[in-house]
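Be aware that the sequence shown starts at 274, since it is given in this note's numbering, and climbs by one per residue.
Comments concern the structure below.
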Amino acid sequence: MKRLAILGSTGSIGVSTLEIVTEHPDCFEVVALTAGRNLALLEEQIARFRPQLVAVPDQVNAQRLEERIGTDGPRILYGTAGLISCAVESPADMVVSAIVGAAGLEPTLAAIQAGRDVALANKETLVIAGELVMSAAAESGCRLFPVDSEHSAIFQSLEGHRKADVRRLILTASGGPFRNWSLEDLQEVTPQDALAHPNWTMGRKITIDSATMMNKGLEVIEAHWLFNVPVEKIDVHIHPESIVHSLVEYVDGALLAQLGIPDMKTPIAYALTYPQRLPLDLPALDLCRLGQLNFAAPNSQCFPCLGLAYDAIKRGGTTPAVLNAANELAVDAFLHEKVGFLDIPRIIGSVVERHSSSAASNLEQILSADAWARQTAHAVICEIQGASYP
Ligand code: NAD
Ligand code: MG
């Protein structure tokens, strides 16, 4: 029986994780849940999984939830301190890090520092604070299991092999809904267009990141830290079918990959029960019916976010944290129809250009760069809005 603390339980990854728990009640116990705004779903999850600890973003929501569930429910906490308590004070064997964005950093880092094993979906944590997180994990001796499907595929393809024999990692990317669109067409993209991902059902932010290819950029940085491979040895291939989830190329020319239907339950379950594989109620992959698999190089002209991410990790220090924060604000502005689709890379590029990178070896330095980037991105968004709507 593995005890789980699930941070971000009402999101796409959180809900899939709880579906796996429901399919295998003998394997898991849920000891803590945290959610952002969806209190109705959180309430259902509390009734069903009976955690000891729960955290919501603020005191108002904590009181509202307390009134709804009465006094014999779990302890209800709030804010970043509440998230951290769920990660480190609950009796969890494993923390599932599935909050979206920089909000996931502090509880995830706290879990790692406390030596808790982590199933990591929140890729932003490694983008913002890769050096800090990986050294904290080495120090506490905890294990980090990738949930992201590409990283799970690489993790699986590295199993039983010598790290020294790796020539490069190849991350696959579906290319999103606009893979074959021209720059001209991309100017007209609406949030509804961008939210319609061809292969995966995910939260709103990562779906937009997939459409701009920033998701793959964040994943290159995530892979760099997770597998300790220089970014020069990490390539991206467009693979529209999302069947080959990523590959490892070895020095003898062998390519090892993991294939499967695009469903996050497979990588989530592997992270939860590694090295054991759980039987899952998913349709089998029928390669004969599929017929063919396609691969192509990314289009850097239409999708500059991928290049921005490579540049950011090469500059290092606080630059990836700045890239991430600028992206979060740009995506939010796009979703609220304040800026256009092609403004997303413009905003990020402009914020990164204004930043003088410095060391990112402690949390204060990182949080201060994150705050600076949010302020600067806000100013850039206002400039763009002013230019578009005089
Ligand atoms: P989502 O938007 O569906 O869910 C996010 C969760 O975080 C929700 O429970 C939400 O309430 C909570 N949350 C949001 N803001 C918060 C805040 N400020 N404080 C506390 N909680 C907050 O997102 P998702 O698609 O499940 O993605 C979660 C993470 O997993 C992201 O980092 C994403 O990049 C990564 N990921 C997701 C997928 C996928 O298929 N969905 C695949 C790979 C990686
Ligand atoms: Mg992914």
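Every residue gets a Cβ at the ideal spot worked out from N, C-alpha and C, and that includes glycine.
Predicted model only: the values in this text are computed from it and were never measured.
Closest by CA to residue i, which one among the options?
{"i": "residue 222", "options": "553, 612 and 346", "result": "Because the chain spans 274 through 663 in this model, residue 222 falls outside it and cannot be assessed."}
{"i": "residue 598", "options": "352, 646 and 276", "result": "646"}
{"i": "residue 587", "options": "558, 494, 605 and 641", "result": "494"}
{"i": "residue 603", "options": "460, 482, 543 and 530", "result": "482"}
{"i": "residue 623", "options": "510, 641 and 649", "result": "649"}
{"i": "residue 330", "options": "345, 324, 316 and 312", "result": "312"}
{"i": "residue 614", "options": "560, 455, 640 and 475", "result": "455"}
{"i": "residue 363", "options": "554, 323, 529 and 492", "result": "323"}
{"i": "residue 535", "options": "325, 513 and 403", "result": "513"}
Classify residue i as helix, strand or coil using the three-state DSSP reduction.
{"i": "residue 481", "result": "helix"}
{"i": "residue 277", "result": "strand"}
{"i": "residue 614", "result": "coil"}
{"i": "residue 619", "result": "helix"}
{"i": "residue 340", "result": "helix"}
{"i": "residue 458", "result": "helix"}
{"i": "residue 283", "result": "coil"}
{"i": "residue 588", "result": "helix"}
{"i": "residue 302", "result": "strand"}
{"i": "residue 510", "result": "strand"}
{"i": "residue 294", "result": "helix"}
{"i": "residue 604", "result": "helix"}
{"i": "residue 446", "result": "strand"}
{"i": "residue 356", "result": "helix"}
Determine the direct distance from the alpha carbon of residue j to that of residue i, and round the result to whole angstroms.
{"i": "residue 552", "j": "residue 630", "result": "46 angstroms"}
{"i": "residue 526", "j": "residue 644", "result": "44 angstroms"}
{"i": "residue 499", "j": "residue 414", "result": "14 angstroms"}
{"i": "residue 593", "j": "residue 469", "result": "27 angstroms"}
{"i": "residue 633", "j": "residue 479", "result": "24 angstroms"}
{"i": "residue 445", "j": "residue 369", "result": "24 angstroms"}
{"i": "residue 283", "j": "residue 376", "result": "15 angstroms"}
{"i": "residue 485", "j": "residue 657", "result": "18 angstroms"}
{"i": "residue 336", "j": "residue 348", "result": "11 angstroms"}
{"i": "residue 531", "j": "residue 430", "result": "7 angstroms"}
{"i": "residue 353", "j": "residue 569", "result": "42 angstroms"}
{"i": "residue 663", "j": "residue 617", "result": "Residue confidence for residue 663 is low, a pLDDT of 47 falling below 50, so the modelled location carries little weight; the figure read from the coordinates is stated next. Rounded to the nearest angstrom, the two C-alpha atoms are 20 angstroms apart."}
{"i": "residue 360", "j": "residue 589", "result": "28 angstroms"}
{"i": "residue 301", "j": "residue 293", "result": "9 angstroms"}
{"i": "residue 341", "j": "residue 351", "result": "16 angstroms"}
{"i": "residue 297", "j": "residue 449", "result": "33 angstroms"}
{"i": "residue 652", "j": "residue 627", "result": "12 angstroms"}
Would you say residue i touches the ligand PLP, meaning its beta carbon is less than 7 angstroms from a heavy atom?
{"i": "residue 286", "result": "Of the ligands this structure carries, namely the ligand NAD and the ligand MG, none is the ligand PLP."}
In chain order, which beta strand (DSSP E) runs of at least 3 residues are fully inside the region 517-565?
-> 517-523 and 528-532
Return the chain-ordered ranges of every beta strand (DSSP E) run that is complete within the region 361-444 and spans a minimum of 3 residues.
-> 367-370, 390-393 and 417-419
Please list, following the chain, all residues that have a C-beta closer than 7 angstroms to any non-hydrogen atom of the ligand MG.
-> 421, 422, 423, 488 and 492
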